[in-house]
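What follows is one structure encoded as C-alpha coordinates, with my remarks underneath.
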(Lines of atoms letter the chains of each structure in order from A; the text may use other names.)
(Lines give C-alpha, C1' and ligand atoms only; values in the text may rest on other atoms or scores of the structure.)
Protein backbone atom coordinates (compact mmCIF):
# COMPACT_ATOMS: atom_id res chain seq x y z
CA UNK A 26 0.00 0.00 0.00
CA UNK A 27 1.20 3.53 -0.70
CA UNK A 28 2.67 5.21 2.40
CA UNK A 29 0.34 8.18 2.00
CA UNK A 30 -2.73 5.91 1.99
CA UNK A 31 -1.39 4.12 5.08
CA UNK A 32 -0.94 7.43 6.91
CA UNK A 33 -4.46 8.50 5.90
CA UNK A 34 -5.86 5.25 7.35
CA UNK A 35 -3.99 5.85 10.61
CA UNK A 36 -5.29 9.42 10.83
CA UNK A 37 -8.85 8.35 10.05
CA UNK A 38 -8.70 5.54 12.64
CA UNK A 39 -6.86 7.27 15.49
CA UNK A 40 -7.46 10.96 14.77
CA UNK A 41 -10.72 11.12 16.75
CA UNK A 42 -9.04 9.55 19.80
CA UNK A 43 -6.26 12.15 19.70
CA UNK A 44 -8.75 15.01 19.20
CA UNK A 45 -10.96 13.90 22.10
CA UNK A 46 -7.92 13.51 24.36
CA UNK A 47 -6.43 16.90 23.45
CA UNK A 48 -9.61 18.99 23.41
CA UNK A 49 -11.10 17.77 26.69
CA UNK A 50 -9.82 17.60 30.25
CA UNK A 51 -8.93 13.92 29.90
CA UNK A 52 -5.21 14.64 29.71
CA UNK A 53 -5.42 16.49 33.04
CA UNK A 54 -7.87 14.43 35.07
CA UNK A 55 -8.65 11.20 33.22
CA UNK A 56 -5.34 9.55 32.33
CA UNK A 57 -5.49 6.97 35.13
CA UNK A 58 -9.04 5.93 34.22
CA UNK A 59 -8.10 5.85 30.53
CA UNK A 60 -5.25 3.45 31.32
CA UNK A 61 -7.67 1.37 33.42
CA UNK A 62 -10.01 1.11 30.43
CA UNK A 63 -7.10 0.14 28.17
CA UNK A 64 -5.98 -2.62 30.56
CA UNK A 65 -9.61 -3.69 31.07
CA UNK A 66 -9.96 -4.41 27.36
CA UNK A 67 -6.79 -6.53 27.40
CA UNK A 68 -8.19 -8.60 30.28
CA UNK A 69 -11.51 -8.97 28.45
CA UNK A 70 -9.71 -10.01 25.25
CA UNK A 71 -7.88 -12.73 27.16
CA UNK A 72 -11.22 -14.13 28.32
CA UNK A 73 -12.53 -13.88 24.76
CA UNK A 74 -9.75 -16.15 23.49
CA UNK A 75 -11.70 -19.03 25.04
CA UNK A 76 -14.49 -18.50 22.51
CA UNK A 77 -12.37 -17.78 19.43
CA UNK A 78 -11.55 -21.33 18.37
CA UNK A 79 -15.09 -22.57 18.99
CA UNK A 80 -16.64 -19.59 17.22
CA UNK A 81 -14.34 -19.87 14.21
CA UNK A 82 -15.61 -23.37 13.49
CA UNK A 83 -19.21 -22.49 14.28
CA UNK A 84 -19.22 -19.36 12.09
CA UNK A 85 -18.65 -21.43 8.96
CA UNK A 86 -21.85 -23.42 9.46
CA UNK A 87 -24.00 -21.33 11.80
CA UNK A 88 -22.90 -17.66 11.67
CA UNK A 89 -25.93 -16.38 13.58
CA UNK A 90 -25.28 -18.73 16.51
CA UNK A 91 -21.62 -17.70 16.46
CA UNK A 92 -22.64 -14.04 16.66
CA UNK A 93 -25.00 -14.86 19.54
CA UNK A 94 -22.19 -16.50 21.52
CA UNK A 95 -19.91 -13.56 20.78
CA UNK A 96 -22.60 -11.20 22.05
CA UNK A 97 -23.10 -13.16 25.26
CA UNK A 98 -19.34 -13.16 25.79
CA UNK A 99 -19.50 -9.38 25.42
CA UNK A 100 -21.20 -9.13 28.80
CA UNK A 101 -17.78 -9.87 30.31
CA UNK A 102 -16.92 -6.32 29.21
CA UNK A 103 -19.77 -5.01 31.36
CA UNK A 104 -18.50 -6.69 34.51
CA UNK A 105 -14.92 -5.51 33.96
CA UNK A 106 -16.06 -1.91 33.41
CA UNK A 107 -18.28 -2.17 36.49
CA UNK A 108 -15.20 -3.19 38.47
CA UNK A 109 -13.32 -0.17 37.10
CA UNK A 110 -16.13 2.22 38.04
CA UNK A 111 -16.36 0.67 41.51
CA UNK A 112 -12.77 1.64 42.35
CA UNK A 113 -12.49 4.55 44.71
CA UNK A 114 -10.23 6.52 42.35
CA UNK A 115 -12.89 6.57 39.62
CA UNK A 116 -15.54 7.87 42.02
CA UNK A 117 -13.54 11.04 42.69
CA UNK A 118 -13.63 13.98 40.27
CA UNK A 119 -15.70 14.84 37.22
CA UNK A 120 -18.06 11.95 36.45
CA UNK A 121 -18.22 12.76 32.73
CA UNK A 122 -14.43 12.72 32.47
CA UNK A 123 -14.25 9.34 34.21
CA UNK A 124 -16.86 7.81 31.92
CA UNK A 125 -15.31 9.15 28.72
CA UNK A 126 -11.80 8.20 29.89
CA UNK A 127 -12.72 4.57 30.51
CA UNK A 128 -14.55 4.32 27.18
CA UNK A 129 -11.75 5.99 25.24
CA UNK A 130 -9.11 3.76 26.82
CA UNK A 131 -11.18 0.68 26.01
CA UNK A 132 -11.79 1.85 22.43
CA UNK A 133 -8.09 2.64 21.93
CA UNK A 134 -7.05 -0.87 22.93
CA UNK A 135 -9.79 -2.41 20.80
CA UNK A 136 -8.82 -0.41 17.72
CA UNK A 137 -5.13 -1.23 18.13
CA UNK A 138 -5.94 -4.93 18.45
CA UNK A 139 -8.62 -5.07 15.78
CA UNK A 140 -7.60 -2.51 13.15
CA UNK A 141 -4.06 -1.17 13.53
CA UNK A 142 -2.37 -4.57 13.55
CA UNK A 143 -4.52 -5.70 10.61
CA UNK A 144 -3.69 -2.61 8.53
CA UNK A 145 0.05 -2.85 9.21
CA UNK A 146 0.26 -6.60 8.59
CA UNK A 147 -1.48 -6.38 5.21
CA UNK A 148 -0.14 -3.03 4.00
CA UNK A 149 3.22 -4.42 2.80
CA UNK A 150 1.73 -7.11 0.63
CA UNK A 151 -1.49 -5.51 -0.58
CA UNK A 152 -2.40 -2.73 -2.94
CA UNK A 153 -4.65 -0.06 -1.54
CA UNK A 154 -8.29 -1.13 -1.38
CA UNK A 155 -11.46 0.34 0.02
CA UNK A 156 -11.31 -2.33 2.71
CA UNK A 157 -8.78 -0.19 4.59
CA UNK A 158 -11.06 2.85 4.50
CA UNK A 159 -14.00 0.71 5.61
CA UNK A 160 -12.01 -0.54 8.60
CA UNK A 161 -11.04 3.02 9.49
CA UNK A 162 -14.67 4.18 9.36
CA UNK A 163 -15.69 1.20 11.47
CA UNK A 164 -12.99 2.17 13.99
CA UNK A 165 -14.63 5.59 14.34
CA UNK A 166 -17.97 3.94 15.02
CA UNK A 167 -16.30 1.78 17.67
CA UNK A 168 -15.00 4.89 19.46
CA UNK A 169 -18.46 6.40 19.77
CA UNK A 170 -20.05 3.09 20.75
CA UNK A 171 -17.43 2.26 23.38
CA UNK A 172 -17.65 5.68 25.04
CA UNK A 173 -21.44 5.32 25.13
CA UNK A 174 -21.06 1.75 26.38
CA UNK A 175 -18.79 2.86 29.23
CA UNK A 176 -21.29 5.58 30.16
CA UNK A 177 -24.11 3.02 30.26
CA UNK A 178 -22.07 0.74 32.51
CA UNK A 179 -21.40 3.71 34.80
CA UNK A 180 -25.18 4.22 35.04
CA UNK A 181 -25.65 0.55 36.05
CA UNK A 182 -23.28 1.21 38.95
CA UNK A 183 -24.35 4.70 40.03
CA UNK A 184 -27.88 5.29 38.69
CA UNK A 185 -31.20 4.71 40.42
CA UNK A 186 -33.32 1.66 39.62
CA UNK A 187 -35.24 2.96 36.55
CA UNK A 188 -32.04 4.38 35.06
CA UNK A 189 -30.17 1.13 35.68
CA UNK A 190 -32.92 -0.86 33.94
CA UNK A 191 -32.80 1.42 30.89
CA UNK A 192 -29.00 1.19 30.86
CA UNK A 193 -29.13 -2.61 30.93
CA UNK A 194 -31.64 -2.58 28.07
CA UNK A 195 -29.39 -0.36 25.95
CA UNK A 196 -26.36 -2.51 26.81
CA UNK A 197 -28.26 -5.59 25.66
CA UNK A 198 -29.12 -3.84 22.39
CA UNK A 199 -25.49 -2.85 21.86
CA UNK A 200 -23.91 -6.17 22.84
CA UNK A 201 -26.47 -8.64 21.54
CA UNK A 202 -29.38 -7.35 19.47
CA UNK A 203 -27.53 -4.97 17.14
CA UNK A 204 -24.73 -7.40 16.12
CA UNK A 205 -27.29 -10.16 15.52
CA UNK A 206 -29.47 -7.84 13.43
CA UNK A 207 -26.52 -6.75 11.30
CA UNK A 208 -25.39 -10.35 10.79
CA UNK A 209 -28.88 -11.39 9.65
CA UNK A 210 -29.10 -8.44 7.22
CA UNK A 211 -25.71 -9.36 5.74
CA UNK A 212 -26.53 -13.06 5.43
CA UNK A 213 -29.87 -12.32 3.76
CA UNK A 214 -28.11 -9.82 1.45
CA UNK A 215 -30.39 -6.97 2.48
CA UNK A 216 -27.27 -4.84 2.93
CA UNK A 217 -23.72 -4.98 1.61
CA UNK A 218 -20.45 -3.83 3.14
CA UNK A 219 -21.14 -0.13 2.67
CA UNK A 220 -24.72 -0.61 3.79
CA UNK A 221 -23.48 -2.26 6.97
CA UNK A 222 -21.22 0.76 7.60
CA UNK A 223 -24.18 3.12 7.21
CA UNK A 224 -26.17 0.88 9.57
CA UNK A 225 -23.27 0.89 12.03
CA UNK A 226 -22.88 4.66 11.82
CA UNK A 227 -26.60 5.33 12.32
CA UNK A 228 -26.68 3.00 15.32
CA UNK A 229 -23.59 4.69 16.80
CA UNK A 230 -25.16 8.15 16.54
CA UNK A 231 -28.46 7.01 18.06
CA UNK A 232 -26.70 5.13 20.87
CA UNK A 233 -24.54 8.15 21.74
CA UNK A 234 -27.51 10.56 21.78
CA UNK A 235 -29.76 8.28 23.86
CA UNK A 236 -26.90 7.52 26.26
CA UNK A 237 -26.20 11.22 26.75
CA UNK A 238 -29.81 11.83 27.73
CA UNK A 239 -29.71 8.95 30.20
CA UNK A 240 -26.40 10.05 31.73
CA UNK A 241 -27.68 13.62 32.12
CA UNK A 242 -30.65 12.24 34.07
CA UNK A 243 -28.43 10.00 36.20
CA UNK A 244 -26.07 12.84 37.13
CA UNK A 245 -28.88 15.19 38.22
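Numbering (the working numbering), first residue to last: 26 to 245. Using N, Cα and C, we set each Cβ at its ideal position, and we do this for glycine too.
By Cβ distance, which residues of its chain are closer than 8 angstroms to residue i, with the 5 residues on each side in sequence left out?
i	result
residue 185	243
residue 159	218, 219, 222
residue 58	109, 114, 115, 122, 123, 126, 127, 130
residue 136	38, 39, 42, 164, 167, 168
residue 63	130, 131, 133, 134
If contacts are defined as beta-carbon pairs under 8 angstroms, then residue i and residue j qualify, I think. What distance do you get, rounded to the angstrom?
i	j	result
residue 125	residue 51	7 angstroms
residue 178	residue 110	6 angstroms
residue 95	residue 204	7 angstroms
residue 164	residue 180	No, residue 164 and residue 180 are not in contact; Cβ-Cβ is about 25 angstroms, not under 8 angstroms.
DSSP on residue i, reduced to helix/strand/coil?
i	result
residue 215	coil
residue 112	coil
residue 220	helix
residue 37	helix
residue 102	helix
residue 119	coil
residue 236	helix
Quick check: what's the CA-CA separation for residue i versus residue j?
i	j	result
residue 70	residue 141	16 angstroms
residue 236	residue 226	15 angstroms
residue 120	residue 112	13 angstroms
residue 68	residue 74	10 angstroms
residue 200	residue 143	23 angstroms
residue 138	residue 245	36 angstroms
residue 56	residue 93	34 angstroms
residue 103	residue 215	31 angstroms
residue 212	residue 196	24 angstroms
residue 188	residue 33	40 angstroms
residue 61	residue 206	31 angstroms
residue 44	residue 194	30 angstroms
residue 174	residue 224	18 angstroms
Among residues of its own chain, excluding the 5 on either side of residue i, which ones have a beta-carbon nearer than 6 angstroms to its beta-carbon?
i	result
residue 240	176
Here's a check: name, in chain order, each residue in its chain whose Cβ is nearer than 7 angstroms to the Cβ of residue i, leaving out the five neighbours to either side.
i	result
residue 105	65, 68, 69
residue 170	199, 229, 232
Any heavy atom of the ligand ADP inside 7 angstroms of the beta-carbon of residue i?
i	result
residue 120	The ligand ADP is not part of this structure, which contains no ligands at all.
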